[in-house]
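For reference, the structure is listed below as C-alpha cells.
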Amino acid sequence: MSASTIMPIRWCDDGHLELLDQRTLPDRHLVRTVTSAEEAAAAIREMVVRGAPAIGITAAYGVVLAALEQDDSGWPDRLEAAMATLAASRPTAVNLFWALARMREVMALQRHAEVAPVAKLLEAARAIHRKDLDDNLAMGELGADLIARSEPCAVMTHCNTGALATGGHGTALGVIRSAWNRRLITRVHANETRPWLQGARLTAWELDQEGIPVTLAVDSAASLLMAQGRIGWLIVGADRIAANGDVANKIGTLALAVQARHFGVKVMVVAPSSTFDLEVASGVEIPIECRDASELTHQGERIVAPQGIDIYNPVFDVTPASLIDAIVCERGVIEHPDRTAIARVIETCR
Ligand code: MRU
Numbered sequence: 406m407s408a409s410t411i412m413p414i415r416w417c418d419d420g421h422l423e424l425l426d427q428r429t430l431p432d433r434h435l436v437r438t439v440t441s442a443e444e445a446a447a448a449i450r451e452m453v454v455r456g457a458p459a460i461g462i463t464a465a466y467g468v469v470l471a472a473l474e475q476d477d478s479g480w481p482d483r484l485e486a487a488m489a490t491l492a493a494s495r496p497t498a499v500n501l502f503w504a505l506a507r508m509r510e511v512m513a514l515q516r517h518a519e520v521a522p523v524a525k526l527l528e529a530a531r532a533i534h535r536k537d538l539d540d541n542l543a544m545g546e547l548g549a550d551l552i553a554r555s556e557p558c559a560v561m562t563h564c565n566t567g568a569l570a571t572g573g574h575g576t577a578l579g580v581i582r583s584a585w586n587r588r589l590i591t592r593v594h595a596n597e598t599r600p601w602l603q604g605a606r607l608t609a610w611e612l613d614q615e616g617i618p619v620t621l622a623v624d625s626a627a628s629l630l631m632a633q634g635r636i637g638w639l640i641v642g643a644d645r646i647a648a649n650g651d652v653a654n655k656i657g658t659l660a661l662a663v664q665a666r667h668f669g670v671k672v673m674v675v676a677p678s679s680t681f682d683l684e685v686a687s688g689v690e691i692p693i694e695c696r697d698a699s700e701l702t703h704q705g706e707r708i709v710a711p712q713g714i715d716i717y718n719p720v721f722d723v724t725p726a727s728l729i730d731a732i733v734c735e736r737g738v739i740e741h742p743d744r745t746a747i748a749r750v751i752e753t754c755r
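Each residue of the sequence shown is one higher than the one before, starting from 406 at the first, in our numbering.
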C-alpha cells in the first residue's frame, strides 16, 4: 500500500465500516471491522482511527450503523442514544460534534419517516467523507501559495495530519504534499510526537512512501533545528479553532509555536471549516483531553516509570492566535488570525 492509496476509513456496501488500525502502523496493516455505533465510538476512543477529520467521518458512519440496527424502539431515540455514545468518545476534536450535527440535520428533515432513513444518512456520511478530501486538496494549493512567496525551504510538522487523519491528502500534510509537487519545499522535519508517536509511525511513513524527503527527530530537537535556521515554516493541523483564532492541536504545538516566534519561523495552521468552533470564544474554553497514565508509564509491555507515580497526560494544547501567521481553510487564507478575520471567512461558509 502506498500513501496515496491509503484508505483509513472504508464504508462497505453490505453495511459495515472498515478502519485501518493506526495503532500498529507502519509495522502491521490490520483492519478493524465496525458494525455498530458503539464499536465506532470504541475505535475512536482507542485510537484505531484518529485525527480530527477522520474522527468526524467515522462518527457519521457510526450513525448510519445505528440506523441499520433493527429493534423495537423508535429510530429517532435509537439514533440519539448512538450519537450520545459517539459524542463521548473523544472531547477535543470539534469535527466529531460537527459531523454529528450534520447527521442530526438529516434526521430532522426525515422526522416523519416510519423507519430510519438509512439511505439519506449514508448519503450524508459519504458527502462528509468526500468533501473532506476536496477541502484538503483546495487547502493544499492555498497553503502552497503561501510557501511560494519565499525561496524553497525545509518545513517542520507535528503529529500526523495526512491521509490517515482525514478523508485523504491531509490538512498540514496536504499542504506539504502540494508544496512538494510544486517544488516549493526541500525536506520535511517530522517530530516523533510523544507518546503515541504519530509523527514517527504515521507521518514519516506516509512521506517516505511517496518519496518526499523526511527527517525524523525527537520532539525536543525542534528548537535546535529552528535555531540552526533550518526550518522555513512550521505547518500543523488543528483539532478545534476558537472564534478568536486560538488553536487546539496535538500536545507540543504550543511549545513549537513559541520557539518558532523566537527564531523567526513562520507558523501555518491548516484546517477545514469543520474544525472551527465559533461558539467557543477563546482557547481557554476548549476541552483538553487527558488520557490514561499507562500511555506514559508503559512502552508496550515495558514499564518506564515508577509504579504509582502521579501522571499528567494532556494530549492537546492551545496555541494563541498571536503566535500564528496564517490559518488555511478551504474557504481561504486567514493571515494574522483574529475574531474579525475568522468571522469574515468562516461565517460565510456556514
Ligand atoms: O490524538 P490524535 O492523533 O487524534 O491527534 C491528531 C492531531 O492533533 C492532528 O494534528 C489534528 O487532528 C489535525 S488532523 C488533520
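Heads up, the beta-carbon is just placed ideally off N, CA and C, and yes, glycines get one too.
**Message:** Helix, strand or coil, according to DSSP, for Gly737 in the structure here?
**Reply:** Taking the first residue of the sequence shown as position 1, residue 737 is located at position 332. Note: Gly737 maps to strand in three-state DSSP.
**Prompt:** Leaving out the 5 sequence neighbours to the left and right, which residues in its chain are closer than 6 angstroms to Ser494 when beta-carbon positions are compared?
**Reply:** Here residue 494 is taken as the residue at index 89 of the sequence shown, counted from 1. Ala446, Ile449 and Arg450, listed in sequence order.
**Under 8 angstroms between C-beta atoms of Ile636 and Val560** = Within the sequence shown, residue 636 is the residue found at index 231, counting from 1. Within the sequence shown, residue 560 is the residue found at index 155, counting from 1. Yes, the Cβ-Cβ distance between Ile636 and Val560 is below 8 angstroms.
**Message:** Taking contact to mean 3 or more Cβ pairs, one atom from each stretch, closer than 8 angstroms, check whether the stretch 671-687 and the stretch 494-513 are in contact.
**Reply:** A contact exists between the stretch 671-687 and the stretch 494-513.
**Asked** Taking the alpha helix (DSSP H) that Arg582 falls in, what are its first and last residues?
**Response** Walking along the sequence shown from the start, residue 582 turns up at place 177. Element bounds for Arg582: Ala577 to Asn586.
**Asked** Whole-angstrom Cβ separation of Ile533 and Ile462, contact assumed at under 8 angstroms?
**Response** To locate residue 533, count along the sequence shown from 1; it is residue 128. To locate residue 462, count along the sequence shown from 1; it is residue 57. Right, their Cβ atoms sit about 6 angstroms apart.
**Asked** Which one of Gly642, Asp715, Leu629 and Phe668 has the shortest CA to CA distance from Ala498?
**Response** The residue you call residue 498 lines up with position 93 of the sequence shown. Gly642 is the residue among Gly642, Asp715, Leu629 and Phe668 whose C-alpha sits nearest the C-alpha of Ala498.
**Message:** For Ala492 and Gly545, I'd like the C-alpha separation in whole angstroms.
**Reply:** Within the sequence shown, residue 492 is the residue found at index 87, counting from 1. Within the sequence shown, residue 545 is the residue found at index 140, counting from 1. Between Ala492 and Gly545, the C-alpha separation is close to 29 angstroms.
**Message:** Restricting to Cα atoms, I'd like to know which of Cys564, Gly616, Glu615 and Val619 is closest to Arg599.
**Reply:** Locating residue 599 in the sequence shown gives position 194, where the first residue counts as 1. Closest in alpha carbon position to Arg599, among Cys564, Gly616, Glu615 and Val619, is Cys564.
**3 or more residues per run - each beta strand (DSSP E) lying fully within the stretch 698-726** = DSSP runs (the beta strand (DSSP E)) wholly in the stretch 698-726: 721-724.
**Prompt:** Measuring CA to CA, which of Leu526, Gly479, Ile691 and Ala748 is closest to Pro496?
**Reply:** Position 91 of the sequence shown holds residue 496. Comparing Cα-Cα distances from Pro496 to each of Leu526, Gly479, Ile691 and Ala748, the minimum goes to Ile691.
**Request:** Note down the Cα distance separating Asn718 from Val520, rounded to an integer number of angstroms.
**Result:** Within the sequence shown, the letter at position 313 stands for residue 718. Within the sequence shown, the letter at position 115 stands for residue 520. Cα to Cα, Asn718 sits roughly 43 angstroms from Val520.
**Prompt:** Roughly how many angstroms lie between the CA atoms of Thr571 and Val709, to the nearest whole one?
**Reply:** Residue numbering aside, residue 571 sits at position 166 when the sequence shown is read from its first letter. Residue numbering aside, residue 709 sits at position 304 when the sequence shown is read from its first letter. Roughly 32 angstroms separates the two Cα atoms.
**Asked** Rounded to a whole number of angstroms, what is the C-alpha to C-alpha distance between Ala457 and Ala568?
**Response** Position 52 of the sequence shown holds residue 457. Position 163 of the sequence shown holds residue 568. Roughly 12 angstroms separates the two Cα atoms.
**Request:** Classify Ala498 as helix, strand or coil using the three-state DSSP reduction.
**Result:** If you number the sequence shown from 1, residue 498 lands on position 93. DSSP places Ala498 in coil when its eight states are reduced to three.
**Asked** Mind checking if Met673 is an interface residue toward chain B, Cβ cutoff 8 angstroms exclusive?
**Response** Protein chain content of the structure displayed is limited to a single chain, and chain B is not contained in it.
**Request:** Could you tell me whether the Cβ atoms of Ala662 and Leu630 are closer together than 8 angstroms?
**Result:** Taking the sequence shown and counting its residues from 1, one reaches residue 662 at position 257. Taking the sequence shown and counting its residues from 1, one reaches residue 630 at position 225. No, the Cβ-Cβ distance between Ala662 and Leu630 is not below 8 angstroms.
**Request:** List the endpoints of the continuous alpha helix (DSSP H) containing Leu422.
**Result:** The residue you call residue 422 lines up with position 17 of the sequence shown. Where Leu422 is concerned, there is no enclosing alpha helix (DSSP H), although the beta strand (DSSP E) it sits in stretches over His421 to Leu425.
**Asked** For Met417, is the classification buried or exposed, using 16 other Cβ atoms within 10 angstroms of its Cβ as the cut-off for buried?
**Response** For the purposes of this step, residue 417 is taken as the residue at position 12 of the sequence shown. First, the amino acid is wrong: residue 417 is Cys here, not Met. The residue in question, Cys417, is exposed, as its Cβ has fewer than 16 Cβ neighbours within 10 Å.
**Prompt:** Between Glu528 and the rest of its own chain, which residues show a CB-CB distance below 7 angstroms, the 5 nearest in sequence each way excluded?
**Reply:** Residue mapping note: residue 528 aligns to position 123 of the sequence shown, counting from 1. None.
**Prompt:** Taking Cβ to Cβ, would you say Asn596 is nearer than 8 angstroms to Ala622?
**Reply:** Here residue 596 refers to the residue found at position 191 of the sequence shown. Here residue 622 refers to the residue found at position 217 of the sequence shown. Yes, the pair counts as a contact, with Cβ atoms nearer than the cut-off.
**Item:** Cβ neighbours of Leu683 in the same chain (closer than 6 angstroms, five flanking residues each side left out)
**Value:** The sequence position of residue 683 within the sequence shown is 278, counting from 1. Closer than 6 angstroms at the Cβ level, and outside the excluded window around Leu683, lie Ala648.
**Message:** Please report the distance separating the alpha-carbon of Asp476 from that of Ala489.
**Reply:** Residue numbering aside, residue 476 sits at position 71 when the sequence shown is read from its first letter. Residue numbering aside, residue 489 sits at position 84 when the sequence shown is read from its first letter. Asp476 and Ala489: Cα-Cα distance of roughly 18 angstroms.
**Terminal residues of the beta strand (DSSP E) in which Met673 lies** = The sequence position of residue 673 within the sequence shown is 268, counting from 1. Lys671 to Val675 is the extent of the beta strand (DSSP E) around Met673.
**Request:** Spell out the partners DSSP gives Cys564 in its beta bridges.
**Result:** Numbered from its first residue, the sequence shown carries residue 564 at position 159. In the DSSP output, where bridge partners are listed per residue, Cys564 has none listed.
**Prompt:** What whole-angstrom Cβ distance do Leu425 and Met412 have, given they're in contact under 8 angstroms?
**Reply:** Reading the sequence shown from its first residue, position 20 is the one you call residue 425. Reading the sequence shown from its first residue, position 7 is the one you call residue 412. With 8 angstroms as the limit, Leu425 and Met412 qualify as a contact, their Cβ atoms being about 7 angstroms apart.
**Request:** Scan the stretch 605-664 and note each continuous beta strand (DSSP E) run of 3 residues or more that stays entirely inside, going in chain order.
**Result:** 619-622, 638-641, 645-647 and 652-655
**Prompt:** Can Cys734 be considered in contact with the ligand MRU, in the sense that its beta carbon sits closer than 7 angstroms to one or more heavy atoms?
**Reply:** For the purposes of this step, residue 734 is identified with residue 329 of the sequence shown, where counting begins at 1. No; taking the cut-off as 7 angstroms, the Cβ of Cys734 has no heavy atom of the ligand MRU nearer than that.
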